[in-house]
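Structure first, then comments.
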Amino acid sequence: MTLTAPASDPPTDSPQAGSLTPLVAPRSIAVIGASDQPARIGGRILARLKETYRGAVYPVNSRRSTVQGLAAHPDIGAVPEPVDLAIVVAPGAEVPGIARAAADRGARSLLVLSAGFGEAGEEGRRAQEELAAIGADAGMRICGPNCIGIVNLTIGLRAVFSTIDGVPQKLGGTALVSQSGGFGMSMFEMAQSSGLGVSYMCATGNEADVSSGELVGHLAEQPDVEAIGLFLEGLRRPDLLLAGARRALELGKPVVAVRTGRSAVGMRAAASHTGALASADDVVSAAFDGVGILRVEGPRELVEQLRAFSAGRRPRGSRLAVVTSSGGAGVLMADVAEAAGLELPEPSPEPATRLGALVPSFGSVRNPIDPTAQIVNDQSMLQELFATVSAAPDYDMVCVSGVARGLGPGLRETIQRAAEATDKPFTAFASQPDVALDLTERGVPAFVDPNRMIRALGRLWAYERDRAVLLDAPPRTGAAPALRVEPPVSAALAEHVARRYVVAAGVPVPGERLVVDSESAVAAAEEIGRPVALKLSADWLTHKSEHGALRLGVVDSDAVRCAYRELEELATTLRPEGAPPAAVLVQEMAPPRGLEIVCAALRDPTFGPVVTVGLGGVLVEITRERRLALAPLDRSAARDLVGGLAGGRLVGHPRGLSEAEADRVADVVVGLGGLLATDHELQEIEINPLVVADGAVVAVDALAAVSTTGAATTAEATPC
């Protein structure tokens, strides 16, 4: 076959290229397990290399002197030069020995297509660890095992064993990274068939060594890459993923990701409301947000989003001009635009006057700009109309709707010229795939679904808007080198013990006393000042309101005595067999008209400390209104979390938080995140509610859990 653009010379190694260059852009390749039969995996790989790859190729086959017309070598040791890349197509049991031989011969990287490793049980896992150790000892990078291969069309490298015959293979500014080889090739075919050129597709398989995150960072450094698509099933090296995405963000190269594993199966059991509500998927989304990874729902949306980025244009604002010959389509796109965070302003007087002279009187220049179906009879005014809209200072992006086959190729040529005449993002909606393909190949990103087009433009603007803010924040890194299947075992603390952590985080707390009997409760109430609250405090009682284990607004001495006796009796009823007894707290009452917020931090097994803030109180599990971010974080980032609650309406609303109160809540979030980042014993801490009133905050109730390796959990008074 012939590629749709001439292959260039492979790039040379350089300090900037990094250690993955021999894998992604090798100058020489050995195929270990090469076959003379093109239908077999080893034969298919070799045939494709012979057809388009421009570097040296060395077949390795112990039983043949030639393979597909090339001189074959009995083993990797007999290959005449140390190769950049050795591709292994052999039974899994033979792979560790082959890897050692390749390392001894000086191979710089290994692409292991063989299966039967970490995905195949304990024995396979040990073999995979052995393989990784061999590569690490030799400084030889290993991609796979259980990997479909790598495509780099810039050098004609098509080292994949899936069927790609008949799939367009057009060079373009898009790169794909996928843990699933089948899914990666599906995205490759979907993109190429729609006119979106993809120059790189790298599958990582089991990731014994080379991870998806490293490849993201490496591909972001390539000058011919504009945007990267990513498919993840798990997160083996979150630190490298966040570092790679951060580098892509610095270079202005968007990363668009699909990540599976969002179901309730992945939810974590935890003592606090936060731990119960914050699924692993929530944390992944927060981590992605922190480095600018745009998360989408599925492969089609991923390809469409990459299409919006493919032209390399970035909007300066959120103002979109919609040009459509269908009023219905215009209204639909206007609705979607609002939900996508885009504005559709009317043109200012000067461009409006010029447009009015072009558009029929029964059309509209208000935006959506509707030249009506009159364009079926006369398209002559469209070139000037597009030019006027594109040049108008009122708009940052332009999209054209209703490009149909029946309107002829002349309209597409007009749209192409209009797009070439501006540096603003310029897209088109064409429901017929052949028309959309033609426009895309003309350099105009075209979509067969108007809603996806508008949402993609919304994310285009959101990426540009958020990028500068994210780059000002400190880089984020995952805390763990690999995903632990189970979080560490932890133990909940009684409230009065958890309070110590709240104080350590610098959060104000109400006056409080531990009491041992009804009379000491009365004395404590006198000292604190009535009214007071009485509570049970025990490590086995994590949600007091659900069990009626608190009494609020207690005023006189007799009421205090009665409340104490009721709680004493309740503690006896609720106490699990063998559990330590509960203590009773007498606590200062919170301000009566405060707004209740929940602030928390928890230790995610993949990304480390995570903070969350949301609407609190007894309705926290019903509203599920919360925002998350990796910790530690600065006040600005925490303030953004608070400001995003309730659709951005919580701060500044007459019944919401004042600016000063939002700052106080942000300080609490920062304090909790910093506490968890420095105290490695602490697993989670939650303040619910944090009562906010009159510019101040107070932590009324707290939960905390620590690792079972140690922490004081006993009461400091004779308990109930």
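So the sequence shown is numbered by our numbering: it starts at 358 and just counts up by one.
In this text, a Cβ means the ideal position worked out from N, Cα and C, and glycines have one as well.
Burial of Leu-406 is indicated by the presence of at least 16 other C-beta atoms within 10 angstroms of its C-beta. For Phe-783, the enclosing beta strand (DSSP E) covers residues 783–786. Here Phe-786 is buried: its Cβ has 16 or more other Cβ atoms, across all protein chains shown, within 10 Å. Within 10 angstroms of the beta-carbon of Pro-704 lie 16 or more other beta-carbons, which makes it buried.
Val-524 is positioned such that its CB atom lies no closer than 8 Å to that of Gly-506. The continuous alpha helix (DSSP H) containing Gly-400 extends over residues 398–409. Under the DSSP definition of a beta bridge, Asn-1045 lacks any partner. By the 16-neighbour rule on beta-carbons within 10 angstroms, Thr-929 is exposed. Exclusion of the five residues before and after Gly-400 leaves Ser-392 and Gln-394 as the residues of its chain whose Cβ lies within less than 6 Å of its Cβ. Contact annotation, Leu-677 with Ala-665: C-beta distance approximately 12 Å; criterion of less than 8 Å not satisfied. Taking the C-beta atoms as reference points, Glu-578 is found no nearer than 8 Å to Gln-536. Shown here for Asp-961: same chain residues with a beta carbon closer than 6 Å to its own, the five before and five after excluded, namely Val-640 and Val-967 in chain order.
Taken through DSSP and simplified to helix, strand or coil, Asp-795 comes out as helix. In this structure, Asp-1058 sits near Glu-852, with a CB-CB distance shorter than 8 Å.
Just so you know, the alpha carbons of Val-746 and Tyr-752 end up roughly 8 Å apart. Note that the C-beta distance between Glu-661 and Phe-474 is not below 8 Å.
If you ignore the 5 residues before and after Pro-437, its C-beta comes within less than 7 Å of no other C-beta in its own chain. If the five residues before and after Glu-798 are omitted, its C-beta is found closer than 8 Å to the C-beta atoms of Gly-552, all from its own chain and listed in chain order. Ranked by how close their Cα comes to the Cα of Val-615, the residues Leu-592, Ala-744 and Asp-596 have Leu-592 in first place. When DSSP assignments are scanned along the stretch 926–991, the uninterrupted stretches of alpha helix (DSSP H) that are 4 or more residues long and fall wholly within it turn out to be 977–980. The alpha-carbon separation between Gly-713 and Pro-750 amounts to approximately 17 Å. One alpha carbon belongs to Thr-784, the other to Arg-1012, and they sit about 42 Å apart. When DSSP states are grouped into helix, strand and coil, Ile-507 belongs to the strand group. For the pair Met-544 and Gly-655, the Cα-to-Cα distance works out to about 10 Å.
Pairing Arg-384 with Asp-441 gives a Cβ-Cβ distance under 8 Å. Rounded to whole angstroms, the Cβ separation of Thr-520 and Ser-556 is 20 Å, and the two are not in contact under 8 Å. Contact between Ala-429 and Val-417 holds: CB atoms are separated by about 7 Å, below the 8 Å threshold.
Only exposed fits Val-826, as fewer than 16 other CB atoms lie within 10 angstroms of its CB. Pairwise C-beta distances place the stretch 641–653 out of contact with the stretch 669–676, as fewer than three of them are shorter than 8 Å. For Val-872, there is no enclosing alpha helix (DSSP H); the residue is found in the beta strand (DSSP E) stretching over 869–872. Secondary structure note for Thr-531: its beta strand (DSSP E) is the uninterrupted segment 531–535. In this structure, the alpha-carbon of Gly-1005 lies about 11 Å from that of Arg-984. Cβ contact annotation for Gln-773 (same chain, cutoff 8 Å, sequence separation greater than five): Leu-796, Arg-799, Gly-800 and Val-801, in chain order. In this structure, the straight-line span from the alpha carbon of Asp-1036 to that of Tyr-858 is close to 10 Å. Ranked by how close their Cα comes to the Cα of Arg-981, the residues Ala-696, Gly-973 and Gln-1040 have Gly-973 in first place. With fewer than 16 other beta carbons inside 10 angstroms of its own, Thr-710 counts as exposed.
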